[in-house]
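Here the structure is laid out as structure tokens; the discussion comes afterwards.
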Amino acid sequence: MTPVIEGFTLGFAYAAPIGAQNVYVIQSAAGGPLRMSVRVALAVTAMDITLALACLYGLGAVLGWFPWLSSAMTVVGCVYLLWIGVNLARSRTEQDVDGKTGRDVTHSYAWSRVAVAAFTLTWFNPQAILDGTLLLGGFRAQLGDGEVLLFIIGMAAASAMWFHALIALVGSCRSRFGPGAMMWINRVCGAALCALGLRLGLGLL
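The sequence shown lines up with residues 4 to 208 when you count with this note's numbering.
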């Protein structure tokens, strides 16, 4: 199996289970304009690739050397997940100016907000870093110097395909969503983020 195929296969296995990222992408595709949900997918993909690179080169070992850093990241991640989860669950149905409500919500998907959300949801989860290190570290040891770049290209392609596929899938069903359905989508996504935040916080106990 070539390094590109190995990276592509492992990239799916790495990107798919990171719940907070997936919830963020799904909610943006269901509740925001297409151009903004694509922006979210691009930002999450970029953060996912940077985290994969860090795990590939042993960032998990750094957290092992500095337990306080892992705890600090966990606290920040837990609080942030709970904050956005509660706000999302309480939010009203919103669409862009071309949608049913006529309310402009593009400000919610400004590059700065999207970047901060994508970074926090991706990086402030030490368990994801440790799991990623275990998953990717073994492959790094098996690759030659000339194969690492090909492996990374495969992983990046898988990450981009996964998150944009979520956008396409949810977006294709979006026209069927009424205000009531959107309200429940927001509540379910908010509850999922709160559950992830609580699970992250319980890891400190």
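Every residue gets a Cβ at the ideal spot worked out from N, C-alpha and C, and that includes glycine.
Rounded to whole angstroms, S74 and Q145 show a C-alpha spacing of 31 Å.
Classified as buried, F11 has 16 or more neighbouring CB atoms from the shown chains inside 10 Å of its CB.
Assignment of alpha helix (DSSP H) within the region 141-176, counting only whole runs of 4 or more residues, yields 151-176 in chain order.
Annotation for Q24: V47, D51, L124, T125 place their beta carbon closer than 7 Å to its own, counting only its chain and skipping 5 residues before and after.
Between F154 and F142, the C-beta spacing is below 8 Å. Shortest Cα-Cα distance from R93 to any of G204, W114, S175, I188 involves I188. Apart from sequence neighbours up to five positions away, the residues of its chain that approach C81 with a beta-carbon distance below 7 Å are G200, L203, G204, ordered along the chain. Here A18 has D51, S162, W165 as same chain residues with Cβ atoms under 6 Å from its own Cβ, once five neighbours each way along the sequence are excluded.
Contact between E9 and G206 does not hold, since the beta-carbon distance rounds to 30 Å and is not under 8 Å.
D134 and M186 have their C-alpha atoms spaced approximately 34 Å apart. Beta-carbon to beta-carbon, A32 and V173 are separated by about 4 Å, close enough to satisfy the 8 Å threshold. Of Y27, L84, T5, the smallest CA-CA separation from C197 is found for L84.
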